[in-house]
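All residue numbers for the sequence shown refer to our numbering, where the first residue is 1 and numbers rise by one. Cβ coordinates follow ideal geometry from the N, Cα and C atoms, glycine included.
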Amino acid sequence: MEKFTCYTGLVAPLDISNIDTDAIIPKQFLQKITKSGFGKHLFHNWRYLDNLGRIENPDFSLNQNFYKNSTILLSRENFGCGSSREHAVWALLEYGFKVILSSSFSDIFYNNSIKNGLLPVVLSKNLIDHLFNLVLKFHRIFVTVNLIENKILIDNKHHTFEINHFHKCCMLNGLDDIDLTLKHIEKIKYYESRIPKFLSPFN
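Following this line, the structure appears as structure tokens:
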């Protein structure tokens, strides 16, 4: 997992509340055993006018020239609700998003994002409204997210955001669940070495 410290990116607006994981990555595209290949199906039912994903919907924001190559997604409240679907995070990352800005997230989606290196930033509804207005007025808006200082730079003004200390440390150091486990591998080996053989199903 890549380390996240400070990042500047182009904002793409998705002015919809309660975007669930099935909208992010529809269930028919989940039949893969790897983390790759999901980006092209991101928001499939909104991005395309056909089932095969060949005809782009010109009204969908991510298909508009202003927002092509955007890496920060701006959305409304309760982003990532619905079923637990880690594929949703994989699709967002593979498409190119590094940060999601919203006034609230589903708890499961939020945790899945942190575990995969996608930073979910919770901002006030007023600030989300302000940012939507900026993007819709000027189209190409860049913001800087400084995770070290818990600050986001919008329209030349700094705003603070909150993040759990443990989550912040994981993102700053690029540590996923496996990395965290391996940091304690010697303690794990020591513990396992003290387990009586008759209690171990592998002996």
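3-residue-minimum beta strand (DSSP E) runs that sit fully inside the stretch 103–151, ordered along the chain: Scanning the stretch 103–151 for uninterrupted beta strand (DSSP E) segments of 3 residues or longer gives 119–122 and 142–146, listed from N- to C-terminal end.
8 Å Cβ cutoff met for serine 91 and glycine 39: As a working mapping, residue 91 is identified with position 91 in the sequence shown. As a working mapping, residue 39 is identified with position 39 in the sequence shown. It is alanine, not serine, that sits at residue 91 in the sequence shown. A contact, by the Cβ cut-off of 8 Å.
Identify whether aspartate 22 lies in helix, strand or coil by the three-state DSSP scheme. On the sequence shown, position 22 is the one that residue 22 refers to. Of the three classes helix, strand and coil, the one that applies to aspartate 22 here is helix, per DSSP.
Cβ neighbours of threonine 181 in the same chain (closer than 8 Å, five flanking residues each side left out): Reading the sequence shown from its first residue, position 181 is the one you call residue 181. Correct list, in chain order: Ile188.
Between the C-alpha atoms of phenylalanine 166 and methionine 1, what's the straight-line distance to the nearest angstrom? The count along the sequence shown starts at 1 and reaches residue 166 at position 166. The count along the sequence shown starts at 1 and reaches residue 1 at position 1. Separation of phenylalanine 166 and methionine 1 (C-alpha to C-alpha, rounded to the nearest whole angstrom) is 16 Å.
Please look up how many angstroms separate the CB atoms of threonine 21 and glycine 82, rounded, as I've assumed it's under 8 Å. Residue 21 sits at position 21 when you count from the first residue of the sequence shown. Residue 82 sits at position 82 when you count from the first residue of the sequence shown. Contact check for threonine 21 and glycine 82: beta-carbon distance about 5 Å, within the 8 Å limit, so the pair qualifies.
Out of curiosity, what's the CA-to-CA distance linking leucine 73 and lysine 125? Walking along the sequence shown from the start, residue 73 turns up at place 73. Walking along the sequence shown from the start, residue 125 turns up at place 125. For leucine 73 and lysine 125, the distance between alpha carbons rounds to 15 Å.
Rounded to whole angstroms, what's the CA-CA distance from tryptophan 46 to isoleucine 25? Just pull it up for me. The sequence position of residue 46 within the sequence shown is 46, counting from 1. The sequence position of residue 25 within the sequence shown is 25, counting from 1. In a straight line, the C-alpha of tryptophan 46 is about 11 Å away from that of isoleucine 25.
CB-CB under 7 Å to lysine 35, same chain, minus the five flanking residues each way: which ones, in chain order? As a first step, residue 35 must be located in the sequence shown, where it is residue number 35. Only Trp90 meet the Cβ criterion.
First through last residue of the beta strand (DSSP E) which encompasses tyrosine 7: Reading the sequence shown from its first residue, position 7 is the one you call residue 7. Where tyrosine 7 is concerned, the enclosing beta strand (DSSP E) stretches over 6–14.
Kindly confirm or deny that the stretch 54–65 and the stretch 109–121 touch, where touching means at least three C-beta pairs closer than 8 Å. Fewer than three beta-carbon pairs drawn from the stretch 54–65 and the stretch 109–121 are found closer than 8 Å, and the two stretches are therefore not classed as touching.
C-alpha gap between leucine 19 and tyrosine 190, whole angstroms: Along the sequence shown, read from residue 1 onward, the residue named residue 19 stands at position 19. Along the sequence shown, read from residue 1 onward, the residue named residue 190 stands at position 190. Sequence inspection shows isoleucine at residue 19; the leucine mentioned does not correspond to that position. When rounded, the distance between both Cα atoms is 45 Å.
Between valine 122 and serine 106, is the Cβ-Cβ spacing less than 8 Å? The residue labelled residue 122 in the question sits at position 122 within the sequence shown. The residue labelled residue 106 in the question sits at position 106 within the sequence shown. No. Outside cutoff.
Since threonine 160 is in the beta strand (DSSP E), which residue starts that stretch and which ends it? The residue you call residue 160 lines up with position 160 of the sequence shown. Residue range 157–160 is occupied by the beta strand (DSSP E) that includes threonine 160.
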